[in-house]
Each structure stands twice: as structure tokens, then as C-alpha cells.
Amino acid sequence: MQPLLIDLSIAALALLVFVADLLMPSEEKRGLGHLASAGLVLILLLTFVLDMQGDAFGGAYVLDPLALWFKRVFLLAGALAALIALDPAEQAFARRQGEYYLLLLLSLLGMSILSSARELLLIVVSFELMSLPLYVLTAFTKSSKLSGEGALKFYLVGATSLAITLFGLSLVFGATGTTMLPEIAANAGAIRSPLLVLGVLTTLAGLAFKIGAVPFHMWVPDTYEGAATPFVGFLAVAPKAAGFALLVRLYLVAFAPLSVRFQPALLALCVLTLVVGNVLALTQTNIKRLLAYSGIAQIGYMMVGLLAQTGEGVGMLLFYLAAYLFTNVGAFAVVCAVGAASGSDDIRAYRGLSRRNPALALAMLVFLLSLGGIPFVAGFWAKMGIFIAAWHAGLHWLVLLGAGLAVVGVYYYLRIARSLYLDDPEEGAQPITIGAPLRLALIVCGTAVVLIGIWPRPWFDTALDAAKSFLH
Amino acid sequence: MNEIQFCLLLAVALFSIGIYGLLTRRNAIGILLSIELMANAVNINLVAFSRVHGGAAGQVFALFAIALTVAEVAIGLGLVILMARTRKSINVDEARDLHG
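Line by line, the protein sequences are chains A and B.
Here this note's numbering is used: the first residue of the first sequence is 215, the next is one more, and so on.
Here this note's numbering is used: the first residue of the second sequence is 485, the next is one more, and so on.
1) Are the C-beta atoms of G440 of chain A and some chain B residue less than 9 Å apart?
2) Rounded to whole angstroms, what's the CA-CA distance from L567 of chain A to Y534 of chain A? Just pull it up for me.
3) Specify the secondary structure class of G690 of chain A as computed by DSSP and reduced to three states.
4) Give me the chain B residues within the contact set of E342 of chain A, using Cβ-Cβ distance strictly less than 8 Å, ordered along the chain.
5) Is N571 of chain A helix, strand or coil when you go by DSSP?
6) Please state the DSSP three-state secondary structure of V276 of chain A.
7) Return the residue from the list A:A592, A:G312, A:W673 and A:M394 that minimises the CA-CA distance to G667 of chain A.
8) Report the three-state DSSP secondary structure of D577 of chain B (helix, strand or coil).
9) Do D301 of chain A and A511 of chain A count as a contact pair if the criterion is CB distance below 9 Å?
10) Mind reading off the beta-carbon distance from M530 of chain A to G623 of chain A? Whole number of angstroms is fine, and I expect it under 8 Å.
11) Three or more C-beta pairs under 8 Å: does that hold for the segment 311-325 of chain A against the segment 357-374 of chain A?
12) Drop a sphere of 10 angstroms on the beta-carbon of S357 of chain A, count the other beta-carbons inside from all chains shown, and report buried for 16 or more, exposed for fewer.
13) Rounded to a whole number of angstroms, what is the C-alpha to C-alpha distance between Y625 of chain A and L488 of chain A?
14) Let me know the secondary structure DSSP gives M567 of chain B once reduced to three states.
15) In or out: K625 of chain B buried (at least 16 other Cβ within 10 Å) or exposed?
16) With DSSP as the reference, please indicate the residues paired to D560 of chain A in a beta bridge.
17) Should T508 of chain B be flagged as near chain A, meaning a C-beta pair shorter than 9 Å?
18) Please give me, in chain order, every unbroken run of the alpha helix (DSSP H) with length at least 4 that falls completely inside the segment 396-430 of chain A.
19) Taking Cβ-Cβ distances shorter than 9 Å, what residues in chain A pair up with R571 of chain B?
20) Is the beta carbon of S329 of chain A closer than 9 Å to that of L289 of chain A?
21) Contact defined as beta carbons within less than 8 Å: I believe A459 of chain A pairs with T524 of chain A. What is the distance between those atoms, to the nearest angstrom?
22) Looking at the strands, I want to know which residues DSSP matches up with E526 of chain A.
23) CA-CA distance, L472 of chain A and P651 of chain A?
24) Taking the straight line between their C-alpha atoms, what separation do you get for V548 of chain A and A541 of chain B?
25) Please state whether DSSP places E313 of chain A in a helix, a strand or coil.
26) Where V233 of chain A and A250 of chain A are concerned, what is the direct C-alpha to C-alpha distance, given to the nearest angstrom?
27) Assign A607 of chain A to one of three DSSP states: helix, strand, or coil.
28) With distances taken between CB atoms, is the gap from A427 of chain A to S361 of chain A smaller than 9 Å?
29) So, for K597 of chain A: in the same chain, excluding its five sequence neighbours on each side, which residues have a beta-carbon less than 7 Å away from its beta-carbon?
30) Could you have a look at M432 of chain A and say whether DSSP puts it in helix, strand or coil?
31) From the DSSP output, in three-state form, read off M394 of chain A for me.
32) Which residues of chain B have a Cβ atom closer than 9 Å to the Cβ of Y564 of chain A, listed in chain order?
33) State yes or no: is the beta carbon of L530 of chain B nearer than 9 Å to at least one beta carbon in chain A?
34) DSSP puts E333 of chain A in a beta bridge; with which residues?
35) What does L563 of chain B reach in chain A if we use C-beta pairs closer than 8 Å?
36) Just to confirm, is the Cβ distance from R475 of chain A to V386 of chain A under 9 Å?
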């Protein structure tokens, strides 16, 4: 029972929100957001207090330090997403707020189980539990044409990727005769069947869709642009992290004996993702699309950590995910505030933001610096760690390519940062006021980004510990 | 050709027809049907492999896969209805307000 405690608590919280939604009068539904957010923070604290590590269901489910790290990322992303959504949800869909938080929690539950799953069937079921609520949440602003279009594109790509992943996994099952990942890892080296290689590669293509790696990325910018902004911060972080949890468990553990076969494919995906993400971000004029392409580029950097195939690489990947969580959720929270005040996600709306709300401009500056990887904010150590791990693993040219493209990234992030402070606001622009929940989320994200930047040591150590305990 | 090879060929053929439909169909319902074909190719695979290896794992997997696909299609149809309401059309080529 112990190892399941976190997931059971998330499930209980989801049911609590569901029942409370039915019982509450519609004027008080805002309380559901508080309940969801506070509940997730409580569960997060629980993960630090109790020692729950172990496995369940004959090894199909495991709570190891790796799973624990991912669960904390998900819980934090969920709590922040619920907090950011409080005000916009009240305005856009006051009566349906309960459903919003319920779906968010259910998706979170799926991710949380996925990070612990060590059996193919459990992986597939939790993968779907994660994905299905996300499609609905993307389409949540029913009256908006864009929201529906973004959701349909997301859905069609997601459903296709599931079918492709399932096809790959069915071949893996066919070749190995088992659905348990530890058994697959033990047998994979001895099996000479082409079915296994085909299955491993097909599964990789399916998962590449999910994390938005190039050339399977087309849905990402459209979905981000169409979906409601408070939700995009969550969508940009949590499902990607879940995708990496699965990639680590499948490709660095279960299929590790076959690494010669899939390494070139993974490398090609990584290089394409780095190049295309960074280059296409240069021409964007909509902030959500720009962050979407920048997100694709970040996925590329994380894949570099995966390619290192060492404990150090995975540790740096975990560290990157934590830094990415605070930076991206924070950046989208700013986009949310500016979008609500000026009714536009165009980059021009950010001109002279420092004169409309200095604190908001400062927060955005911190997040942009972190995204660009400027020293002494979280993003710098994240990129640095990934590059050092890859260098140790002998991927020298990949590190040089990544560093070169990071410079391209700095250009498009600093272009916005400059316009925050040096340009004049558009005519008739009013000062921006933000509500207390959003302010709290921004303070948490901003402080974390700066703190990790100034004092990264404890984060590095925990991340490396979490990775070491399972990669040999 | 033994029966397992036949099953695998059938599954690959179904999967390929699904991908072809996915790429050529412009009607949202047609695309959903194509994805359904791909998902069912997986089920044939699973049941066939289950017969090779013995045990019930593959068959249980297939049953779960069927239930998951149904849940997924329910949401897909909801999104298609949403599109029909906001755009008066379910041709995916007409959904192109998002670009750049």
C-alpha cells in the first residue's frame, strides 16, 4: 500500500473535487480551485515527509527516487496551474470550474502513475488517463473557434501517436513474450528478432509525437495558440515531463541492450528538434507560438541528456525538467496576465511592459533570461549540466551544436526582454493589475528560478542521486 | 505461410490502410475511422502473439486497448461536433485559423 500512497491521494483529491462540485452552489465554485491547489501542495509536502519507496503489483509499479522526482514535478505543475487558472476560470467558465479542476487532477493522476509504471499495459492505460483530459481541457473555451481547432489538431495527433506507440509495443510484446519491463530488459539482448527492433523504433516515433520532437511537432504551436493560456503552462511542462519519464524507463532501461539500433534515430530526432525549434522561433510574432517553438528547442536539449545514456545525463535531464517547470509555468503566467489585460498575445503587447507593471516586467525578464540560459538563473545551470554530461559521454559535436543554437535562442529571448524595458508602450495602454493567486504563482516561480540560479548545488545533488539509484 | 505470419501481414496491411486514410482523408469522421483501423491492427497483433506465447497477457492487453480506443473516440466525436457547431463544416482543411 505504501508506494501507492501518492497516487491514491491524487485520486482521492480528484474525487473530492468532483463531489464538492456537485454539492456546491454555483457562486462558490471558485473554492474548488483553492481545494485542488492546496490539496496538491499538501500531497507534495507528504512526499518529503514520508518514506514510501518500494514496489507493488509484482513489480509492475515502482516508487523509486526517479518516479518520486517526476511526481514532485507533476504535483508542483498541477498546483501552480490550478492557482493560475483561478481568476481566468471564474471569468471564462464560472459554472464549469469544477470540471476544469477535476480533469486537471485526473490528467495529473495519469502522469503520476505513468512515471511509476514498469509494465506495458499499465503504461498504456496511464498514458491514456493522462492524454484524454488534456484534449478536453484544450477545447474548454467552447465558444472559441481557435480553441476547438487547437484541440482537434492535438487530438488527431495524439490519437495517431497512441496507435503508433501501441503498434510498436505490440511488436515488442510479440518478440519478447512478456509485458514486464525488467524481463524485457533481461531478454532483449539475446533476441535476434527484427520484430523487436521494428517495435522499438515504432514506439520511439509514437513517443516523439507526444513530446513534440521534430518532425512530429506540427501540433505544438497550434495547440498552444488555441488553448486557454492558464492551461498552456501546464500543457507545456507536465505531459512533456511524463513523456521523458517513459522514454527513460523504456529506452535507457528496458531497451538498453538495443541501444546501438535506436541511438541513430534518437540522435537524428534530437538534432532536428534543436535546429528547427530554435530557427522557427526567430520568426514568430505571437508570444504563445514563440514559447511553443522555444519549448520544442528545450525538448531538444533534454534529449541531449537522454542521448548521453549515463546516470549523469539522466540526472541533468531531471534537473533541466525542474528548471524548465518553474521557468515555463512562470512565463505562461505572465502571458496570461498580459493577454487578459490587453486582449492580445502579440509580441507588440509587451512593449514598455515595465511602465505598465514593473513587477510583471521584472518577472518576465527573469523567465526570459532563464529560457535563454544566461548565467545565474536556473536555465543556465540546466543547459550547462546537460552539455557537461553529454561531453563526458563523448558527444562533443552535439554539445557544440547545442551551444551554438543556444546563442540563437538568446537572440530571440533578449529581443523581447529589450522591448519590455526600452520600447514605449502602445498608445492607450493601461497599467496592468494582477490578482492575488497569479501574483503568488509568479512569486513562487520567480523565486525558484533565481534561487536555483544562485545556489544550484542541492538540486544537482538530489537529481544525480535520483538518477544514480537506477542506472548502473 | 503459417497462420502467425498471415496474422502479422493482415495487421500490417490494416495499419498501412489506416495511415493512408489518415493522410488522404479530409473529413474529420474519415480520419477518426482511419485511426480506428490502426488501433484494430494492434489488437490483431496482440491476439496473434498471445497465441504464440500462450498465457492471457496479450488477450487482456487487447481488451484494454479496445476500451481505451472507445474512450478516445468518444472524445474525438465530441471535438468533431464542436467543430461542426462553430464552423458548420467538418472538413479539416477549413480549420486553418491557427498558423505561422
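Even for Gly, the Cβ is constructed at its ideal location relative to N, Cα and C.
The relevant details are as follows:
1) Translated into positions along the first sequence, residue 440 of chain A becomes position 226. Closer than 9 Å: yes.
2) As a working note, residue 567 of chain A is residue 353 in the first sequence. As a working note, residue 534 of chain A is residue 320 in the first sequence. Using only the alpha carbons, I get a separation of about 28 Å.
3) Residue 690 of chain A cannot be examined here, being either before or after the span of chain A that is shown, 215 to 686.
4) By 1-based counting over the first sequence, the position of residue 342 of chain A is 128. Correct list: L552, A555 and E556.
5) Here residue 571 of chain A refers to the residue found at position 357 when the first sequence is read from its first residue. The answer is coil: DSSP assigns N571 of chain A none of H, G, I, E or B.
6) Counted from its first residue, the first sequence places residue 276 of chain A at position 62. Three-state DSSP puts V276 of chain A in a strand.
7) For the purposes of this step, residue 667 of chain A is taken as the residue at position 453 of the first sequence. Among A:A592, A:G312, A:W673 and A:M394, the Cα nearest to that of G667 of chain A is on A:A592.
8) Position 93 of the second sequence, counting from 1, holds the residue named residue 577 of chain B. Correct three-state label for D577 of chain B: helix.
9) Position 297 of the first sequence, counting from 1, holds the residue named residue 511 of chain A. Position 87 of the first sequence, counting from 1, holds the residue named residue 301 of chain A. In this structure, D301 of chain A does not lie closer than 9 Å to A511 of chain A by Cβ.
10) Within the first sequence, residue 530 of chain A is the residue found at index 316, counting from 1. Within the first sequence, residue 623 of chain A is the residue found at index 409, counting from 1. Not confirmed; about 18 Å, so no contact.
11) no
12) As a working note, residue 357 of chain A is residue 143 in the first sequence. By the 10 Å Cβ count, S357 of chain A comes out exposed.
13) Indexing the first sequence from 1 puts residue 625 of chain A at position 411. Indexing the first sequence from 1 puts residue 488 of chain A at position 274. Straight-line Cα distance between these residues: approximately 15 Å.
14) In the second sequence, residue 567 of chain B corresponds to position 83, counting from 1. Reduced to three states, the DSSP call for M567 of chain B is helix.
15) In the structure as shown, chain B starts at 485 and stops at 584, and residue 625 of chain B therefore has no counterpart that could be examined.
16) Sequence index remark: in the first sequence, residue 560 of chain A carries index 346 (1-based). The partner list for D560 of chain A (beta bridge, DSSP) reads A:N500.
17) The count along the second sequence starts at 1 and reaches residue 508 of chain B at position 24. So no, T508 of chain B is outside the interface.
18) 408-425
19) For this step, residue 571 of chain B is matched to residue 87 along the second sequence. Within chain A, the residues near R571 of chain B are K359, G362 and E363.
20) For the purposes of this step, residue 289 of chain A is identified with residue 75 of the first sequence, where counting begins at 1. For the purposes of this step, residue 329 of chain A is identified with residue 115 of the first sequence, where counting begins at 1. Against a cut-off of 9 Å, the Cβ pair of S329 of chain A and L289 of chain A comes out as no contact.
21) For the purposes of this step, residue 459 of chain A is identified with residue 245 of the first sequence, where counting begins at 1. For the purposes of this step, residue 524 of chain A is identified with residue 310 of the first sequence, where counting begins at 1. Their Cβ separation, rounded to whole angstroms, is 18 Å, which puts A459 of chain A and T524 of chain A out of contact at 8 Å.
22) Taking the first sequence and counting its residues from 1, the one referred to as residue 526 of chain A is at position 312. Partner(s): none; E526 of chain A has no beta bridge.
23) Stepping through the first sequence from its first residue, residue 472 of chain A is reached at position 258. Stepping through the first sequence from its first residue, residue 651 of chain A is reached at position 437. Cα to Cα, the separation comes out at about 48 Å.
24) On the first sequence, residue 548 of chain A is found 334 positions in, with the first residue counted as 1. On the second sequence, residue 541 of chain B is found 57 positions in, with the first residue counted as 1. V548 of chain A and A541 of chain B: Cα-Cα distance of roughly 48 Å.
25) Working through the first sequence from its first residue, we reach residue 313 of chain A at position 99. In this structure, E313 of chain A counts as helix in the three-state DSSP scheme.
26) Numbered from its first residue, the first sequence carries residue 233 of chain A at position 19. Numbered from its first residue, the first sequence carries residue 250 of chain A at position 36. The straight-line gap from Cα to Cα measures roughly 13 Å.
27) Working through the first sequence from its first residue, we reach residue 607 of chain A at position 393. Coil, per DSSP.
28) To locate residue 427 of chain A, count along the first sequence from 1; it is residue 213. To locate residue 361 of chain A, count along the first sequence from 1; it is residue 147. No.
29) Locating residue 597 of chain A in the first sequence gives position 383, where the first residue counts as 1. The residues are Y515, G587 and A620.
30) Counted from its first residue, the first sequence places residue 432 of chain A at position 218. Note: M432 of chain A maps to coil in three-state DSSP.
31) For the purposes of this step, residue 394 of chain A is taken as the residue at position 180 of the first sequence. Strand at M394 of chain A.
32) Working through the first sequence from its first residue, we reach residue 564 of chain A at position 350. Chain B residues near Y564 of chain A: none, gap ~17 Å exceeds 9 Å.
33) Taking the first residue of the second sequence as position 1, residue 530 of chain B is located at position 46. For L530 of chain B, the answer is yes, since a Cβ of chain A falls inside 9 Å of its Cβ.
34) Here residue 333 of chain A corresponds to residue number 119 of the first sequence, with the count starting at 1. Looking at the DSSP assignment, E333 of chain A forms a beta bridge with A:M394.
35) The residue labelled residue 563 of chain B in the question sits at position 79 within the second sequence. Residues of chain A passing the Cβ test: Y349, A353, G362, A365, L366 and Y369.
36) Within the first sequence, residue 475 of chain A is the residue found at index 261, counting from 1. Within the first sequence, residue 386 of chain A is the residue found at index 172, counting from 1. No. Outside cutoff.
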